[in-house]
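Take a look at the structure below.
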Amino acid sequence: MVRLRLTCLLFVLFLNYFAQSQQVAVVLSGGGAKAFSHIGVLKALEENDIPIDYIVGNSMGALIGALYASGYRPDEIQVMLTDPAFISIENAVSETRVSFYQHREPNASFARIPFYIKNGLRFDLPFKMYDLQYIDFRMMSVFASATAAAHYNFDSLMIPFRCIAADIDSSRLLTLKKGNLSKAIRASMTFPLFIRPVEIDGNMLFDGGIYNNFPVDVACQEFQPDFIIGSKAIRNFSKANPDDVVSLLQNMLMQKADFSIGSSDGILIETISGDESIFHFARINEYIDSGYVAALRVIPELKKKLPHSHSKTVVAEEREHFKAKEPDEEVSEVKFEGINELQQKYFRQILGLKKQSGFNLNTMYSHFVKLHRNENIKSVYPSLTYYPHNKGSVLELDITQNDPLAVEIGGYISSTGINEGYVGLDYMDLRKTARHLSASANFGTFYNSVAAMGRIEFPAKVPLILQLNFSSSRKNYFSNARFFFEDQFPAYIIIDENYAELAGIIPSGQDGLFTLGFSNLNMSYKYYPDNYFSRNDTSDISNFYFATPFVEYEYETLNRKQFASRGKYLLIGFNAYFGTEHTIPGSKSHGETEIKRNLGFYSLVLRYQQYWKLTSPMDIGISIDMDITGKPILSNYISSLLISSPFEPLEFMKTKFLESYRAPSSGGIGLTTVFELQRQFEFRLNGYCYVPYQKILLDSDGRNGRLSTPFSYQYFAGSAQLVYHPPIGVISASINYINQPGSKFGFLLNLGYLLFNKSRFYR
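Plus 154 on top of the position in the sequence shown (first one is 1) and you've got this note's numbering.
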């Protein structure tokens, strides 16, 4: 009897020892936004004392797994990854936003094509990628201390960890187990053609899901666990949708994953997710909840198969012990890679890095933003390495320069018959100073122009920029007179504007600038007093020559150059005009004499736009325009209107000479509501009220102009627009309303951007 009891006791002790010695690996699949369900899975496992001895992940699963392996709690991971300041991939498909003091004036281009001439002519076709550079810095900040505490060995993290990446040069899957943890995660997340790849040990690496999106075999090979918990966030891709680029690429590039555990020693947690794109980050909180619920369903079965537990107290102690080994995040030195010594000196000056001590990561983040938004930089990848003997970290910034030469092409086609083309050429040269040269041409039925710009930037923490601008443009309202709205106003009007200006620019933060400059300006107008003229008649000609000093403050964070829905724009400018008028009457101006006289007046302008998000599908914006000028009444009614400031908040108004929306001084206010129908589609409602301070009226003689009493007129304009934002350009259809004699409504269909060179006179 005693022998039987002893045998039973030994058997129980053996089973208990065997149960406690079971090693558990958690495998997290990729899945983009849907992989956020892994956070919920880890939360449920930890709450229920399920042991986790190893973690293996791919892509977004690698990011979440690495955070957990580095000692972050599931709730901390959720707060971190749902913070738009950390991860905002959905809104990252856009042109890289440069610092405003380096910005190019908005133009009609819809494609920018870099090319090289050093080793023979070679073009790079433009392709918009998701910009993860801010995420790169955040990931570096999050993982730097944990990586240093583990001595750059993933086995020495709080929980041993592996992630995978694809080396497409050798067509093989790599298992990453040491080195820079944030860089390894970033490589595993690099979806081909959508995210810029990173290089590790000379290998250009991409998402491991190309070969294996559910690396159970990697967990078995690396750790030989006794039990595997697999978290599946995404199904294998369905049949490719010919209209969905992501769907096509997934099926072309990614192998079908085997989501089975492969043995009875494991369990699969499958989160139910919808059919949305893997880049649908608007639903990440729902995915987290779904993962939590899916894990809770299998907890009873897990507890049967894993009789031993890992209590929350033990896990908390392990976290505290690991965190205690992490060094401080102070940056003792900054190094630049990928650029020469003169260029390094330029960047050190604009970042204020003359002294190399005492930088914290918050300070370095503001420096990183400056680099990311510098027009000379295509990409910058940060790495933070801790050196125990120096008790400090070295921040290495690997910079890839922008291509020095680029061609821009674009244009505009509309149902009104206005067709415009645009071509531009850019050249950038970065040495101890930064130089930028550009030239462009607009050509078409209504607007023709050539422009050039030269800029030199003297680097400092607050740099100084000297910029020279030249522009020669013509608007021919006669060619546009028969389209869209029927207009009784004189159809033959041609406006030529030519100027050269020199300006000094000082930045105000990343999004503002102060400009002080001087312009030599010529305005030339050709017009008839009415529509009753023949080819034998000659037009009136008014020429104005001005010396124009000006000072401006400008601020912009708008998300698009046309049809913006987020951000802010502000312009406050003062221009003084000193010059002469020379008017030559035409054949229909009977009894009029040639006029030569001196003119002097001022112009104070305010332009303001701002948009706010009200709800998930709706944004609202307001605009304010104010012109206070000393522009005089000239020798005739039409020339007085021509020098007056136009109110043109809607695109089509820029192509019409609208008598009611011009006055020497005026104010306008507008309200825009934007409904986001889908990611690329939006519906816009625009309404504007325009009030001239004193309207220019036609005198009883039918020739001269006079001013009305103040605030005695007001005019309205509005439109309903359906706008589509494809990868290149923009398409819109609109119904428009303006206050004017004759037809007040019109329909307009546009393809491309209706943008003209900056006017110095109509600012």
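In this text, a Cβ means the ideal position worked out from N, Cα and C, and glycines have one as well. Just so we're clear, the structure is a prediction, and the values are computed from it rather than from any experiment.
Of the candidates C374, I572, I892 and N623, I572 places its Cα closest to the Cα of F632. With respect to the 8 angstroms criterion, A871 and I885 are not classified as neighbours on the basis of their beta carbons. In this structure S444 touches G194 by the C-beta definition: roughly 7 angstroms separates them, less than 8 angstroms. Taking a 10 Å sphere around the C-beta of R292, we find 16 or more other C-beta atoms and assign the residue as buried. Assignment of N516 by DSSP, reduced to helix, strand and coil, places it in the helix class. Assignment of D443 by DSSP, reduced to helix, strand and coil, places it in the helix class. In the three-state DSSP reduction, F476 falls in the helix class (H, G or I). Look at R589 here: in three-state DSSP terms it is strand. DSSP places T809 in the helix class (H, G or I) of the three-state scheme. Take the alpha-carbon of A449 and the one of E230: they are about 19 angstroms apart. Counted as a single uninterrupted DSSP element, the alpha helix (DSSP H) harbouring Y791 occupies residues Y791 to L796.
The same chain holds no residue with a CB closer than 6 angstroms to that of S520 once the five nearest residues on each side in sequence are set aside.
With fewer than 16 other beta carbons inside 10 angstroms of its own, P881 counts as exposed. By the CB criterion at 8 angstroms, I619 and Y255 fall inside the cutoff. Taking the Cβ atoms as the reference, S427 lies roughly 47 angstroms from K615, outside the contact range of under 8 angstroms.
DSSP places H192 within a helical segment (H, G or I) once states are collapsed to three.
Residue A560 holds the alpha-carbon nearest to the alpha-carbon of I267 among R917, L199 and A560. The Cβ-Cβ distance between R585 and Q716 does not fall below 8 angstroms. DSSP, read as helix, strand or coil, puts V884 in coil.
Rounded to the nearest angstrom, the gap between the Cα atoms of F728 and Y500 is 33 angstroms. For V488, the enclosing beta strand (DSSP E) stretches over residues V485 to E491. For F704, no alpha helix (DSSP H) encloses it; the enclosing beta strand (DSSP E) starts and ends at D694 to E710.
Excluding the 5 residues flanking it on each side, N357 has same chain C-beta neighbours closer than 6 angstroms at D321, in chain order.
When DSSP states are grouped into helix, strand and coil, Y765 belongs to the strand group.
Here V828 carries a strand assignment [DSSP, helix/strand/coil].
In the DSSP assignment, Y679 falls within the beta strand (DSSP E) that extends over G666 to Y681. About 7 angstroms separates the beta carbon of A216 from that of M343, a gap short enough to meet the 8 angstroms contact definition. Here the alpha carbon of H879 sits roughly 24 angstroms from the alpha carbon of Y601. Judged by DSSP in its simplified three-state form, A387 adopts coil rather than helix or strand.
Three or more beta-carbon pairs drawn from the region 814-830 and the region 777-794 are found closer than 8 angstroms, and the two stretches are therefore classed as touching. Per the coordinates, the alpha-carbon of T554 lies some 6 angstroms from the alpha-carbon of V534.
P558 and N439 have their alpha carbons spaced roughly 43 angstroms apart. Here S866 is exposed. Its C-beta has fewer than 16 other C-beta atoms within 10 Å. Between S854 and G900, the alpha-carbon positions lie close to 32 angstroms from each other.
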